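**Q** Residue numbering for the sequence shown follows this note's numbering, beginning at 48 and increasing consecutively.
The beta carbon of each residue, even a glycine, is placed where N, CA and C say it ideally should be.
All figures in this text were calculated on a predicted structure; none of them were measured in a lab.
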Amino acid sequence: MPDVTTAEFYALFEAHDDGTTRLKEENYTGRRHKDGWISKHATGFVGKNAPIQSQEFKNRLMLGYKLVDQFGAAWTNVFANISMPENVTIVYWPGYSWGLDLTADVDLTQEEWVTVANFKNNPQRESVWTGVFYEETSDTWMVSAETPVDVGNQNLINIGHDILLNTLFDRVLSDHLAGTYNFIFREDGRLIAHPDKIVELKAALGVLKIQDINNTELLDMYNFISEHNQVNSGKISNITHKDKGFLDTLNLLDFFMKQPVIESNHHEIMVLDNKQHDVLLAVAKIQGQDWFFVTVYPKTLLESSARETVKFIVILSLSALFLELMMLYFVLKSKVVQPLKSFMNASNEVAMGNYIAVAKDDSGLPITSLDEMGMLARAFQNMAINVNDLRENLEQKVHERTHELEIASEKAKNASKAKSDFLARMSHEIRTPMNAIMGLSRLVLNSKLNAKQTDYMEKIIASSESLLGIINDILDYSKIEAGKLTIETRAFDLNDVLKNVSTVIALKAQIKGLEFLFQIDKDVPRILKGDALRLGQVLINLANNAVKFTETGDILIHIEKVSTIEDGIILRFIVKDTGIGISKAQQQELFSPFSQADGSITRRFGGTGLGLAICKQITGLMHGEIYIESEVGVGSSFIFTAKLGIGENIAQFSLDKLKNIRVLVVDDNASAREVFNQMLLDFGMRPSIAENGLIALSKLKQAEAEHDCYELILLDWNMPRLDGIETVRHLRKKIILKIFLRY
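1. DSSP three-state call for Arg776: helix, strand or coil?
2. Considering just the uninterrupted stretch of the alpha helix (DSSP H) at His275, what are its terminal residues?
3. Anyone know if the C-beta pair for Thr187 and Glu159 falls short of 7 Å?
4. Taking C-beta to C-beta, are Asn128 and Gly94 nearer than 7 Å?
5. In whole angstroms, give me the CA-to-CA distance for Leu778 and Lys746.
6. Per DSSP, Leu238 forms a beta bridge with which residues?
7. Rounded to whole angstroms, what's the CA-CA distance from Glu758 to Leu702? Just pull it up for me.
8. Going straight from the alpha carbon of Lys595 to that of Ser630, what length do you get?
9. Under three-state DSSP, which class holds His605?
10. Does any residue of chain D have a CB that is nearer than 7 Å to the CB of Met485?
11. When you compare only the Cα positions, how much space is there between Asn519 and Gln633?
12. How would you label Glu678, buried or exposed, when you count the other beta carbons within 10 angstroms and need 16 or more for buried?
13. Can you confirm whether the segment 337 to 349 touches the segment 263 to 277 when touching is taken to mean that 3 or more C-beta pairs between the two stretches lie within less than 8 Å?
14. With a threshold of 16 other CB atoms inside 10 Å of the CB of Glu562, please say whether the residue is buried or exposed.
15. Looking only at its chain, what residues have a beta carbon closer than 6 Å to the beta carbon of Arg218, apart from the 5 residues adjacent to it on each side?
16. Okay, do the segment 136 to 155 and the segment 72 to 91 touch, 3+ Cβ pairs below 8 Å being the bar?
17. Pick out whichever of Thr597, Glu672, Val544 has its Cα sitting closest to the Cα of Leu582.
18. DSSP on Lys623, reduced to helix/strand/coil?
19. Would you report the Cα separation of Asp568 and Phe730, rounded to the nearest angstrom?
20. Give me the Cβ distance between Val622 and Ile606, rounded to the nearest whole Å; I'm assuming they're in contact under 8 Å.
21. Closest by CA to Asn588, which one among Phe638, Lys249, Trp764, His754?
22. Using three-state DSSP, classify Trp145 as helix, strand or coil.
23. Is the beta carbon of Ala743 less than 7 Å from the beta carbon of Ala737?
24. What's the C-alpha gap between Arg448 and Asn429?
25. Is it buried or exposed for Leu255, if we count other Cβ within 10 angstroms and need 16 for buried?
26. Are the segment 192 to 211 and the segment 145 to 164 in contact at 8 Å, needing three or more beta carbon pairs?
27. The beta strand (DSSP E) spanning Leu582 covers which residue range?
28. Just to confirm the assignment: which complete beta strand (DSSP E) runs, minimum length 3, are found wholly within the segment 654 to 742?
29. Starting from Trp84, trace the beta strand (DSSP E) in both directions and tell me its first and last residue.
30. Between the beta-carbon of Gly226 and the beta-carbon of Pro345, is there less than 7 Å?
31. Quick one: what does DSSP say Lys499 is sitting in, helix, strand or coil?
32. Would you list the one or two residues that DSSP bridges to Tyr139?
33. Taking buried to mean at least 16 other C-beta atoms within 10 Å of its own C-beta, is Phe92 buried or exposed?
34. From the DSSP output, in three-state form, read off Phe565 for me.
35. Measuring straight from C-alpha to C-alpha, what distance separates Leu514 and Ile484?
36. Please classify His288: does DSSP put it in a helix, a strand, or coil?
Listed below in structure tokens is the structure:
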């Protein structure tokens, strides 16, 4: 199928603030298509860890939805599902809007109906059954048949069909003689049904081991049955005479010695004497599911005069139960398992391009069936016939179009090159006079002007800087399109890059009253190898955006080491602000060219929408990636990584003289206090922090009283209550500042 466009995808799906993506509610309540068809009862859930940005993943997701939407009503009596190796499931479920209500922390990849079909657990790639599980949404017990659909070594999707077991369980748990009871367990010890364990089974969603239940009698019976089942590959024909002691008393020895196990192709019947609990166990094993159906008969019910009748009742009741289970087994096999296997084979043929095999019905599709599976098979075959016809005519058309495409491609390349060259040339031509305008405007601004003239010149300079930024973005983007944007590799000082960023950004932050901070982890090398200009360009672009969209608070640039590699180091750069934030839905296209989080933002803050697209290209050239973490009203963190070389170490001054110096940091900004505190600790100093001048004075008095005075004070001048200047005046006036220099 052709690639799904973003518009097509989000016409059906919608991103939620909790990080999930779900089918829109109208897909369940009823969506009217252009041809008049109304689809409904389809719901879906895409968890947070699914690769929602991948085009291939979107295509698969859309294919899964179309399968459920078109054929869900035809192949299920309650619901069918499409699951993927990622955290995704789309279901057709009349009566329950399943995927709309799941919490974001649900991890479907851990569910048995997903893991049972993966390559590790199903290397044969056949239709497989899950164990019994409990679905809370509908208060339903069920077992699922899962059919993997693969292309090559990739598991594209799994087609599931869930069979309800409530009625069967009611029969198993209710139909028994007075004084007896029935239960079911799986060969690996998983409890399937038990009249006294319904609450525990529901709480465990059906995944409950007998060994984990505090029930000694049930555990003893399980171990007893398992021990006898292992004799002679699951048969009891070799059980010794002493193992059959109770059968002797029933005069059944001759019967069971001749036929100790009543068998069919798919099940076994055993009658075992459990002396430990004084009961007779009638055990039926269904091979397909590896289930053991057990009826517990207390021996006190078996009076001597009725023992022959008991034998008849035991065999009759078990036979009736087995007959019902065998009917269920064969119905599932003929109506679901075999057709789904044929669909998997047909899907594999289509994936390999062998449409003719499906068109000629060589894949075994049930096209003659009159039920829903037959309808689906005929639709699938018609699709293969149409595709095969198109393919047979396609080669000639491809040959005819190839020459036309080559000519058109060459023209497009020439046009693109001409456009890029034009943009680059025009950007250079415009930038030269723009720099002159800005320079002359600053000279005029420094001359004697009245207030109105000064205001006009400041606005001219601001507009010129904005226009120059737009020109630079266009120039860089034209280089990207022309494939001429390259990355240099030379040694540079990281401090010089950050100094340049500070020169460009600090004044803008100061004008808006924002704190502008740097935090560099101590294990980050100072001398690196790479393109300092492009690295600074990304940091300036991100920091400039942070200042633009932040009214109060602070801007922090944090640099940390991710890992050391053979030929260098990978660094992570985080530009964090306390601005307006960006919603999950708006983040989808944030790094696309000419895109803004919101059209109103362009009008309010300006910009071309090219900056982040350029940043993405540059980080890609530096073998890194860029992404965003943001919350509306709280702020944003733009994060990018870069692979850089490590240059030769330069001589650094000794920090020994700074060790144990007591320092007081006074700043009303929490981020600034945190950065200064960590920096001073890295220098081996003893920092203390204060939120304002009053607290600082109190700490200074306390230090003087303790005879452990501060030797250095880092003081912010702009603070509430008592600013830095007033704090210094108080210090001088009260003469409480004593400086003890030790060197």
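**A** Let me lay it out:
1. Along the sequence shown, read from residue 1 onward, the residue named residue 776 stands at position 729. Arg776: helix per DSSP, three-state reduction.
2. As a position in the sequence shown, residue 275 is number 228, starting the count at 1. First-last of the alpha helix (DSSP H) with His275: 263 to 277.
3. In the sequence shown, the residue the question calls residue 187 occupies position 140. In the sequence shown, the residue the question calls residue 159 occupies position 112. No, the pair does not count as a contact, with Cβ atoms beyond the cut-off.
4. Translated into the one-based positions of the sequence shown, residue 128 becomes position 81. Translated into the one-based positions of the sequence shown, residue 94 becomes position 47. No; because the gap between Cβ atoms is not below 7 Å, this pair is not in contact.
5. Translated into the one-based positions of the sequence shown, residue 778 becomes position 731. Translated into the one-based positions of the sequence shown, residue 746 becomes position 699. Each residue's alpha carbon lies about 12 Å from the other.
6. Along the sequence shown, read from residue 1 onward, the residue named residue 238 stands at position 191. According to DSSP, Leu238 bridges with Phe232.
7. Stepping through the sequence shown from its first residue, residue 758 is reached at position 711. Stepping through the sequence shown from its first residue, residue 702 is reached at position 655. Looking at the two C-alpha atoms, the distance is approximately 16 Å.
8. Position 548 of the sequence shown, counting from 1, holds the residue named residue 595. Position 583 of the sequence shown, counting from 1, holds the residue named residue 630. Taking the straight line joining both Cα atoms gives about 17 Å.
9. The residue given as residue 605 occupies position 558 in the sequence shown. Correct three-state label for His605: strand.
10. Annotation note: the requested chain D is absent from the structure, which comprises a single protein chain.
11. As a working mapping, residue 519 is identified with position 472 in the sequence shown. As a working mapping, residue 633 is identified with position 586 in the sequence shown. Their Cα atoms are separated by approximately 25 Å.
12. Within the sequence shown, numbered from 1, the residue matching residue 678 stands at position 631. Its Cβ having fewer than 16 others within 10 Å, Glu678 is exposed.
13. yes
14. In the sequence shown, counting from the first residue as 1, residue 562 sits at position 515. Buried.
15. Counted from its first residue, the sequence shown places residue 218 at position 171. Within the same chain, Arg218 has no close Cβ partners at all.
16. yes
17. As a first step, residue 582 is located in the sequence shown; it is residue number 535 there, counting from the start. The candidate whose alpha carbon is nearest that of Leu582 is Val544.
18. The residue given as residue 623 occupies position 576 in the sequence shown. Lys623: strand per DSSP, three-state reduction.
19. Residue 568 sits at position 521 when you count from the first residue of the sequence shown. Residue 730 sits at position 683 when you count from the first residue of the sequence shown. For Asp568 and Phe730, the distance between alpha carbons rounds to 12 Å.
20. Taking the first residue of the sequence shown as 1, we reach residue 622 at position 575. Taking the first residue of the sequence shown as 1, we reach residue 606 at position 559. 10 Å between Cβ atoms; not a contact.
21. For this step, residue 588 is matched to residue 541 along the sequence shown. Measuring from the Cα of Asn588, the nearest candidate turns out to be Phe638.
22. Taking the sequence shown and counting its residues from 1, one reaches residue 145 at position 98. In this structure, Trp145 counts as helix in the three-state DSSP scheme.
23. Start at 1 with the first residue of the sequence shown, and residue 743 comes out as number 696. Start at 1 with the first residue of the sequence shown, and residue 737 comes out as number 690. Yes. Within cutoff.
24. As a first step, residue 448 is located in the sequence shown; it is residue number 401 there, counting from the start. As a first step, residue 429 is located in the sequence shown; it is residue number 382 there, counting from the start. So the alpha carbons of these two residues sit roughly 27 Å apart.
25. For the purposes of this step, residue 255 is identified with residue 208 of the sequence shown, where counting begins at 1. With 16 or more Cβ atoms within 10 Å of its Cβ, Leu255 is classed as buried.
26. yes
27. Mapped onto the sequence shown, residue 582 falls at position 535. Premise fails: Leu582 lies in the alpha helix (DSSP H), 579 to 595, not in any beta strand (DSSP E).
28. 673 to 678, 682 to 693, 709 to 713, 733 to 737
29. The residue you call residue 84 lines up with position 37 of the sequence shown. Looking at the DSSP string, Trp84 is not in any beta strand (DSSP E), and its letter there is neither H nor E.
30. Stepping through the sequence shown from its first residue, residue 226 is reached at position 179. Stepping through the sequence shown from its first residue, residue 345 is reached at position 298. Yes. Within cutoff.
31. Taking the first residue of the sequence shown as 1, we reach residue 499 at position 452. Helix.
32. By one-based count along the sequence shown, residue 139 stands at place 92. According to DSSP, which records beta bridges pairwise, Tyr139 is partnered with Ala89, Ala127.
33. If you number the sequence shown from 1, residue 92 lands on position 45. Buried.
34. Position 518 of the sequence shown holds residue 565. Of the three classes helix, strand and coil, the one that applies to Phe565 here is strand, per DSSP.
35. Position 467 of the sequence shown holds residue 514. Position 437 of the sequence shown holds residue 484. If you take the alpha carbons of Leu514 and Ile484, they lie about 11 Å apart.
36. Here residue 288 refers to the residue found at position 241 of the sequence shown. Low confidence applies to His288: its pLDDT is 35, below 50, so where it sits in the model is not reliable, and the reading given next is rough at best. His288 falls in the helix class under three-state DSSP.
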